[in-house]
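Worksheet: the structure to be examined is printed underneath.
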Amino acid sequence: MVVIAPVRSCRVGACSAPIPTQLLRQGVCLTHYLDDVFTRISAVQERSRHNKPPDARTIAWLRQQGDFAVTLLSRDSLDVADDRARLLELLLCLANLHESLRRLQSP
188 MVVIAPVRSC RVGACSAPIP TQLLRQGVCL THYLDDVFTR ISAVQERSRH
238 NKPPDARTIA WLRQQGDFAV TLLSRDSLDV ADDRARLLEL LLCLANLHES
288 LRRLQSP
């Protein structure tokens with residue numbers, strides 16, 4: 188009987204970084220996941236600058252990213268200091284975005 192193990196290395200380009208358990212569904216390593224998150228947050232920030240606040244679905248997604256970062260930071264599964272630094276940077280970025288959105292909505 189042949190057992191096929193699921194691929195647990197990043198599917199982006201030639202990247203062979205391991206995929207954290209929390210990202211198996213996305214199939215990417217933490218670095219590529221965070222790259223995508225930062226790109227999407229930048230797009231939300233840019234639209235906000237043009238007085239186009241995010242919709243409810245985007246707000247929910249942003250909250251999920253914050254929860255995800257906190258979850259990863261609370262575990263000892265991160266071996267690389269760079270990963271911790273980028274997750275902290277994500278939380279700071281989300282806090283700044285939240286504040287700018289709050290200012291956009293207040294008269």
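Positions in the sequence shown are counted from 1; adding 187 to them yields our numbering. Here a beta-carbon is modelled for each residue, glycine too, at the ideal position from N, C-alpha and C.
1) How is the alpha helix (DSSP H) around Gln-252 delimited, first residue to last?
2) In its own chain, which residues sit with a C-beta less than 8 Å from the C-beta of Cys-280, not counting the 5 before and 5 after it?
3) Mark Ala-256 as exposed unless 16 or more other C-beta atoms lie within 10 angstroms of its C-beta, in which case mark it buried.
4) Among Gln-292, Pro-207 and Ala-268, whose alpha-carbon lies nearest the alpha-carbon of Tyr-220?
5) Is it right to say Cys-216 is buried, meaning 16 or more other beta carbons lie within 10 angstroms of its own, or is it exposed?
6) My output table needs one value for Ser-196: the three-state DSSP class, helix, strand or coil.
7) Give the straight-line distance between the Cα atoms of Asp-270 and Thr-218, rounded to the nearest whole angstrom.
8) Taking the alpha carbon of Gln-209 as the point to measure from, which residue in Leu-291, Leu-260, Gly-200 and Gln-292 has its own alpha carbon closest?
If we stick to the structure as given:
1) Locating residue 252 in the sequence shown gives position 65, where the first residue counts as 1. Per DSSP, Gln-252 belongs to the alpha helix (DSSP H) from 243-261.
2) Position 93 of the sequence shown, counted from the first residue, corresponds to residue 280. Same-chain partners within the cutoff: Phe-225 and Ile-228.
3) Reading the sequence shown from its first residue, position 69 is the one you call residue 256. The residue in question, Ala-256, is buried, as its Cβ has 16 or more Cβ neighbours within 10 Å.
4) Counting from 1 along the sequence shown, the entry for residue 220 is found at position 33. Among Gln-292, Pro-207 and Ala-268, the Cα nearest to that of Tyr-220 is on Pro-207.
5) As a working mapping, residue 216 is identified with position 29 in the sequence shown. Flag for Cys-216 reads buried.
6) As a first step, residue 196 must be located in the sequence shown, where it is residue number 9. In this structure, DSSP gives Ser-196 an extended state, which the three-state scheme calls strand.
7) Locating residue 270 in the sequence shown gives position 83, counting from the first residue. Locating residue 218 in the sequence shown gives position 31, counting from the first residue. Rounded to the nearest whole angstrom, the C-alpha separation of Asp-270 and Thr-218 is 7 Å.
8) In the sequence shown, the residue the question calls residue 209 occupies position 22. Closest by alpha carbon: Leu-260.
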